[in-house]
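Novice: This is the structure, below, for whatever I ask next.
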Amino acid sequence: MRTVTLALAIGLSAAPAMAADTDPCGKDMVCASAPQTVVEALQAAGYKAVLTRSKQTSNPMIESAASGFNFHIFFYECENNNSCASLQFSTSFNNDDGANSAELANKWNSEKRFSQMSFDPSDKSLNFAYDVSTLGGLSKKNFADVIDWWETMLGQLPDFFKTNIKSK
Numbered sequence: 028m029r030t031v032t033l034a035l036a037i038g039l040s041a042a043p044a045m046a047a048d049t050d051p052c053g054k055d056m057v058c059a060s061a062p063q064t065v066v067e068a069l070q071a072a073g074y075k076a077v078l079t080r081s082k083q084t085s086n087p088m089i090e091s092a093a094s095g096f097n098f099h100i101f102f103y104e105c106e107n108n109n110s111c112a113s114l115q116f117s118t119s120f121n122n123d124d125g126a127n128s129a130e131l132a133n134k135w136n137s138e139k140r141f142s143q144m145s146f147d148p149s150d151k152s153l154n155f156a157y158d159v160s161t162l163g164g165l166s167k168k169n170f171a172d173v174i175d176w177w178e179t180m181l182g183q184l185p186d187f188f189k190t191n192i193k194s195k
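When we follow this note's numbering, the leftmost residue of the sequence shown carries the number 28, and every step to the right adds one.
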């Protein structure tokens, strides 16, 4: 009887810890697995944040803006369009005046950290992105830093383009 009681006591004391392990997003954390926490963190930082779904993947997606640019936050590593593990902040420059190129994207990538620029030769667009894993959750302070880095990188784009694109 004593063994059964001890086993039950151990089992019951472990239950809250096991439940916490399966919780997709801890209290006061920002997680891709809980898209509303991303929306709320963006709004708390003073940004608009409209939660929708990607037409291509049906995964959650957020529409927002910063530094004069509209951008999207795409949710990745999702299971059945939910329970996502990472985010990608992204904006595209589709209006090519002949200056968009792989060389321009590579120049950005060789000089900058955190973000990446790519060139799509099929439509001559530049894509600008910043990927963030939220596995286990990010504190609100850490996510505010993520947003600040994204806005800083967006803010550097006009000078980069001005310096690196020759006027025709």
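Note that beta-carbon positions come from the ideal geometry of N, C-alpha and C, so glycine has one too.
Would you kindly work out how many angstroms separate the C-alpha atoms of Ala171 and Ala72, rounded to a whole number?
Specialist: 7 Å
Novice: Are the beta-carbon atoms belonging to Met180 and Phe141 less than 8 Å from one another?
Specialist: For Met180 and Phe141, yes; Cβs fall inside 8 Å.
Novice: Assign Thr79 to one of three DSSP states: helix, strand, or coil.
Specialist: strand
Novice: Based on Cα-Cα distance, which residue from Asn109, Leu78 and Ala93 lies nearest to Gly182?
Specialist: Ala93
Novice: At which residues does the beta strand (DSSP E) containing Asp175 begin and terminate?
Specialist: Looking at the DSSP string, Asp175 is not in any beta strand (DSSP E); the run it does join, the alpha helix (DSSP H), is Lys167 to Asn191.
Novice: Spell out a yes or no on whether the region 124-137 and the region 145-154 are touching, meaning 3 or more CB-CB pairs, one atom from each, closer than 8 Å.
Specialist: yes
Novice: Classify Glu138 as helix, strand or coil using the three-state DSSP reduction.
Specialist: helix
Novice: Answer yes or no: do Ala132 and Ser119 have a C-beta to C-beta separation smaller than 8 Å?
Specialist: no
Novice: In chain order, what residues of the same chain lie with their CB nearer than 6 Å to the CB of Met56, ignoring the 5 residues before and after it?
Specialist: Gly164
Novice: With H, G and I counted as helix, E and B as strand and the rest as coil, what does DSSP make of Leu153?
Specialist: strand
Novice: With respect to the alpha helix (DSSP H) encompassing Ala71, which residues constitute its N-terminal and C-terminal limits?
Specialist: Pro62 to Ala71
Novice: Note down, in chain order, each residue of its chain lying with its Cβ closer than 7 Å to the Cβ of Lys167, except the 5 sequence neighbours on either side.
Specialist: Contacts found: Asp55, Val57 and Ala68.
Novice: Between Gly53, Lys82, Gln63 and Tyr74, which has its C-alpha nearest Glu178's C-alpha?
Specialist: Tyr74
Novice: Skipping 5 residues on each side, what residues in its chain have a beta carbon closer than 6 Å to that of Leu162?
Specialist: Residues of the same chain with a CB within less than 6 Å of the CB of Leu162, apart from the 5 flanking positions on each side, are Ala112 in chain order.
Novice: Give me the DSSP bridge partner(s) of Cys58.
Specialist: Ala61
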